[in-house]
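Asker:
Numbering (this note's numbering), first residue to last: 92 to 211.
#1: Helix, strand or coil: how does DSSP classify residue 185 here?
#2: Can you look up residue 133 in the DSSP assignment and give me helix, strand or coil?
#3: Answer yes or no: do residue 170 and residue 130 have a C-beta to C-beta separation smaller than 9 Å?
#4: Return yes when the Cβ of residue 151 is within less than 9 Å of the Cβ of residue 143, no when it is not.
#5: Between which two residues does the alpha helix (DSSP H) carrying residue 149 extend?
Next up, the structure:
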């Protein structure tokens, strides 16, 4: 068997086992999209968090470390740390945390809705 034939067979086998959706460029684009979505969810989380802090709800006043009287509430720093950690983990090959952060954001939205509409 000649070298060209072996190389052609190897190339054909690679094409059969690896589709265009599995290219390195496709993976980078997918990861970039996931990072953008996480970042946008983070912006939404900050907006909901700030709205809840400024709502004057009695529950927020009872929790000392969440009071918006300080320059930067500790809860907003914690929110930023969660967003930053998620972005760093996903950017470094942990894409499984993206759905976890999406669920966290959905729970934040439900909580904010319940507090801001007076259901709690």
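Cβ atoms here follow ideal geometry from the backbone N, Cα and C, with glycine treated the same way.
Answerer: For this structure:
#1: Against the chain shown, residue 185 aligns to sequence position 94. Looking at residue 185 - three-state DSSP - the assignment turns out to be coil, as it is neither helix nor strand.
#2: Here the question's residue 133 lines up with position 42 in the chain shown. Note: residue 133 maps to helix in three-state DSSP.
#3: By 1-based counting over the chain shown, the position of residue 170 is 79. By 1-based counting over the chain shown, the position of residue 130 is 39. Contact: no.
#4: Along the chain shown, one-based indexing puts residue 143 at 52. Along the chain shown, one-based indexing puts residue 151 at 60. For residue 143 and residue 151, yes; Cβs fall inside 9 Å.
#5: Translated into positions along the chain shown, residue 149 becomes position 58. Looking at the DSSP string, the run of the alpha helix (DSSP H) that includes residue 149 is 149-153.
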